[in-house]
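Worksheet: one structure, shown below.
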Amino acid sequence: EADIYQTPRYLVIGTGKKITLECSQTMGHDKMYWYQQDPGMELHLIHYSYGVNSTEKGDLSSESTVSRIRTEHFPLTLESARPSHTSQYLCASSEGSGADTQYFGPGTRLTVL
Amino acid sequence: AQSVTQLGSHVSVSEGALVLLRCNYSSSVPPYLFWYVQYPNQGLQLLLKYTSAATLVKGINGFEAEFKKSETSFHLTKPSAHMSDAAEYFCAVSGGTGANNLFFGTGTRLTVIP
Numbered sequence: 021e022a023d024i025y026q027t028p029r030y031l032v033i034g035t036g037k038k039i040t041l042e043c044s045q046t047m048g049h050d051k052m053y054w055y056q057q058d059p060g061m062e063l064h065l066i067h068y069s070y071g072v073n074s075t076e077k078g079d080l081s082s083e084s085t086v087s088r089i090r091t092e093h094f095p096l097t098l099e100s101a102r103p104s105h106t107s108q109y110l111c112a113s114s115e116g117s118g119a120d121t122q123y124f125g126p127g128t129r130l131t132v133l
Numbered sequence: 048a049q050s051v052t053q054l055g056s057h058v059s060v061s062e063g064a065l066v067l068l069r070c071n072y073s074s075s076v077p078p079y080l081f082w083y084v085q086y087p088n089q090g091l092q093l094l095l096k097y098t099s100a101a102t103l104v105k106g107i108n109g110f111e112a113e114f115k116k117s118e119t120s121f122h123l124t125k126p127s128a129h130m131s132d133a134a135e136y137f138c139a140v141s142g143g144t145g146a147n148n149l150f151f152g153t154g155t156r157l158t159v160i161p
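Note that the protein sequences, when read in sequence, are chains A and B. Each residue of the first sequence is one higher than the one before, counting from 21 in our numbering. Each residue of the second sequence is one higher than the one before, counting from 48 in our numbering.
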């Protein structure tokens, strides 16, 4: 059983609001990831981290930002939400990379009105 | 570069029938391949993965997949479908040791008919 948590599970907000999506894991994994998932589409990597104070952008451009101040915590922030940000956001972690399994959180479904 | 193609966005089978979900990959390096399952309103859960050991990989819930390099395929099968198998299934490829990214297919929604 993977121990990776995301809050909130669902969020409906108005345009222009600042939001932070929380992700935390208790497995001590160094690598963490944020994916964006739209219905009928692939999951796309938007951010990843090798460890504390390390963050990189993924292959899908995103206006969001992330931070990694603690190993277990990898929050994602949108400074000014827009309707185009409406999507499901999935957080994952892994011990290493390549063949290592990525464990996923339950996701946050974001709707921006 | 790595990519995955899942043939069939929707597959319906009768309860007790064979489940076959197709995945073809493209990779410039020896790939690691994964199948994940996603139940409604949940995250992705690993079913099985291929990491260059045995070409026939057994996973959870009675699923298995066979890596066929000559066909660049990694199809997922289960001999007998159960109602609880209804979910979305994603195939993914990783670009080898040190790679940070999983490249996902668009998913296949499996419906099981009683």
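Virtual Cβ for every residue (Gly too), placed ideally from N, Cα, C.
Please look up how many angstroms separate the CB atoms of residue i and residue j, rounded, as I've assumed it's under 8 angstroms.
i, j, result
"B:Cys70", "B:Gly152", "6 angstroms"
"A:Ile39", "A:Ala101", "6 angstroms"
"A:Thr131", "A:Thr106", "5 angstroms"
"B:Ser59", "A:Gly60", "No, B:Ser59 and A:Gly60 are not in contact; Cβ-Cβ is about 17 angstroms, not under 8 angstroms."
"B:Ala133", "B:Leu157", "6 angstroms"
"A:Ile65", "A:Gln57", "According to the sequence shown, residue 65 of chain A is Leu rather than Ile. Incorrect: roughly 11 angstroms between the Cβ atoms, too far for contact."
"A:His49", "A:Ser114", "6 angstroms"
"B:Ser169", "B:Gly63", "Given a span of 48 to 161 for chain B in the structure shown, any question on residue 169 of chain B remains unanswerable."
"B:Ile160", "B:Ser50", "That belief does not hold up - the Cβ atoms of B:Ile160 and B:Ser50 are roughly 31 angstroms apart, past 8 angstroms."
"B:Lys125", "B:Val66", "4 angstroms"
"A:Gly127", "B:Gly90", "5 angstroms"
"B:Val140", "B:Pro77", "Actually they do not touch by this definition, with Cβ atoms about 11 angstroms apart."
Quick one, which of the options has its alpha-carbon nearest residue i's?
i, options, result
"A:Val125", "A:Met52, A:Gly78, A:Gly60 and A:Val72", "One point to set straight first is that residue 125 of chain A is Gly, not Val, in the sequence displayed. Nearest of A:Met52, A:Gly78, A:Gly60 and A:Val72 to A:Gly125, Cα basis: A:Met52."
"A:Cys43", "A:Met61, A:Tyr123, A:Gln26 and A:Thr85", "A:Gln26"
"B:Ala100", "B:Leu123, B:Ala112 and B:Ala48", "B:Ala112"
"B:Tyr72", "B:Lys116, B:Ser61, B:Arg156 and B:His129", "B:Lys116"
"A:Ser87", "A:Gln56, A:Asn73 and A:Arg129", "A:Asn73"
"A:Asp23", "A:Met47, A:Thr85 and A:Gly36", "A:Met47"
"B:Phe121", "B:Pro161, B:Ser74 and B:Ala64", "B:Ser74"
"A:Gly78", "A:Ser104, A:Trp54 and A:Val32", "A:Trp54"
"B:Thr52", "B:Gly106, B:Pro77, B:Cys138 and B:Val159", "B:Cys138"
"B:Tyr136", "B:Thr98, B:Gln85 and B:Val66", "B:Gln85"
"B:Leu68", "B:Gln89, B:Val76 and B:Phe81", "B:Phe81"
"A:Glu83", "A:Leu110, A:Ala119, A:Glu76 and A:Glu99", "A:Glu99"
"A:Leu110", "A:Val32, A:Tyr70 and A:Leu41", "A:Leu41"
"A:Glu92", "A:Pro103, A:Leu80, A:Ser104 and A:Tyr70", "A:Tyr70"
Quick one: list the residues of chain B neighbouring residue i, beta-carbon separation under 7 angstroms, in chain order.
i, result
"A:Gly60", "Ser56 and Thr153"
"A:Leu65", "Asn148"
"A:Leu96", "Simply none; closest approach about 15 angstroms."
"A:Gln56", "Per Cβ cutoff of 7 angstroms: no residues; A:Gln56 is ~11 angstroms from chain B at best."
Under 8 angstroms Cβ-Cβ, which residues of chain B neighbour residue i?
i, result
"A:Asp79", "Asn148"
"A:Leu130", "The premise fails here: A:Leu130 is roughly 14 angstroms from chain B at the closest Cβ pair, so nothing lies under 8 angstroms."
"A:Leu110", "Gly90 and Leu91"
Along chain A, which residues have their Cβ under 8 angstroms away from the Cβ of residue i?
i, result
"B:Ser59", "Correct list: empty, because the minimum Cβ distance to chain A is about 17 angstroms."
"B:Ser141", "Ser117, Gly118 and Ala119"
Quick one: list the residues of chain B neighbouring residue i, beta-carbon separation under 9 angstroms, in chain order.
i, result
"A:Pro126", "Asn88, Gln89 and Gly90"
Within 7 angstroms of any Cβ in chain E, is that where the Cβ of residue i sits?
i, result
"B:Pro161", "Structure shown: chain E not included; protein chains present are A and B."
Please list, in chain order, the residues of the region 68-97 of chain B that have any C-beta partner in chain A closer than 8 angstroms. Tyr79, Phe81, Tyr83, Asn88, Gln89, Gly90, Leu91, Gln92, Leu93 and Lys96
Fully enclosed by the region 115-157 of chain B, which beta strand (DSSP E) runs are 3 residues long or longer? 120-125, 134-141 and 149-151
Near-chain B residues of the region 27-46 of chain A - C-beta to any C-beta below 7 angstroms: none
Within the region 39-73 of chain A, ranges of the beta strand (DSSP E) (whole runs, at least 3 residues): 39-45, 51-57 and 63-69
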